[in-house]
Amino acid sequence: MTEPQTLDETSSAAWHLQWLTPSRCRWLLAVILAAGFLLHLRYLTHNCPVDLSEDEAYYWDWSRQLDLSYYSKGPLVALVIRASCAVLGDTMLGVRFPALMLAVGVSLATYWTTRRLFGSDRIALGAVLLNHAVPMFIAGSVLMTIDPLAYFFWALASLFLVEAVFHEKRWAWPAIGMALGAGFL
């Protein structure tokens, strides 16, 4: 009769994740972010079957007539779309390109925040991968509404909060206020 095997003897070496060093985690993060950005960019530039949503068209229209505020939202979405359209033209890509950039920013903020909280690149990479599985994040990575801006500034405020509370960085308190203020715009 054989003795029962311990967990260490029965589990696969791959699940121990010894091969997933901090530098490999960062390399994988870079690959994931670059691939996601380029695939979304290709989706938008090669016969994208999804026209601008009503909100996107509405915000694009706002961007053509900039103002300090609009009756239902702050001005930041219009300013961001205007800046993008100034570079890329008044096209679907011009309207939606900021969403791609903001998704990368949210992922970087998620990685850094998790890394600072738990001291683990593996956990940080896992947090980013989980974030990329959330349908609202996926939609916000392509559609330029107020949501990608809100996600980005909340992620940034969370990062600054971790710096302020857990790492006692005094500069982070005003940075939290600025990130939240920009998010409300």
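Using our numbering, the letters of the sequence shown map in sequence onto residues 1 to 185.
We put the CB at the ideal spot given by N, CA and C, even for glycine.
Exposed unless 16 or more other CB atoms sit within 10 angstroms - verdict on residue i
i: residue 42; result: exposed
i: residue 23; result: exposed
i: residue 153; result: buried
i: residue 7; result: For residue 7, the predicted structure reports a pLDDT of 49, less than 50, and the residue's modelled location is therefore unreliable. A value from the coordinates is still provided. Per the 10 Å Cβ criterion, exposed.
i: residue 168; result: exposed
i: residue 50; result: exposed
Same chain, Cβ closer than 7 angstroms to residue i, neighbours up to 5 away in sequence not counted
i: residue 92; result: 44, 48, 52
i: residue 164; result: 172, 173, 176
i: residue 150; result: 183
i: residue 85; result: 63, 94, 95
i: residue 178; result: none
Limits of the unbroken alpha helix (DSSP H) element including residue i
i: residue 61; result: 54-63
i: residue 92; result: 92-118
i: residue 40; result: 22-45
i: residue 83; result: 76-88
i: residue 178; result: 172-184
Cβ separation of residue i and residue j, assumed to be a contact under 8 angstroms, to the nearest whole Å
i: residue 94; j: residue 102; result: The Cβ separation is near 15 angstroms, so there is no contact.
i: residue 107; j: residue 33; result: 6 angstroms
i: residue 144; j: residue 99; result: 4 angstroms
i: residue 180; j: residue 74; result: Wrong, their Cβ atoms sit about 12 angstroms apart, outside the cutoff.
8 angstroms Cβ shell around residue i - same chain, five flanking residues per side excluded
i: residue 166; result: 116, 117
i: residue 170; result: 164
Cβ-based neighbour list, residue i, same chain, cut-off 6 angstroms, excluding 5 preceding and 5 following
i: residue 14; result: Low confidence applies here, because residue 14 scores a pLDDT of 47, under 50, leaving its location unreliable; read the following figure in that light. Contacts found: none.
Should the segment 62-75 be regarded as contacting the segment 158-173, the criterion being three or more beta carbon pairs within less than 8 angstroms? Using a Cβ-Cβ distance cut-off of 8 angstroms, the segment 62-75 and the segment 158-173 are not in contact, since fewer than three pairs of beta carbons, one from each stretch, lie closer than that value.
Take every Cβ of the segment 167-182, pair it with every Cβ of the segment 123-141, and state whether three or more of those distances are shorter than 8 angstroms. Not touching, per the Cβ criterion.
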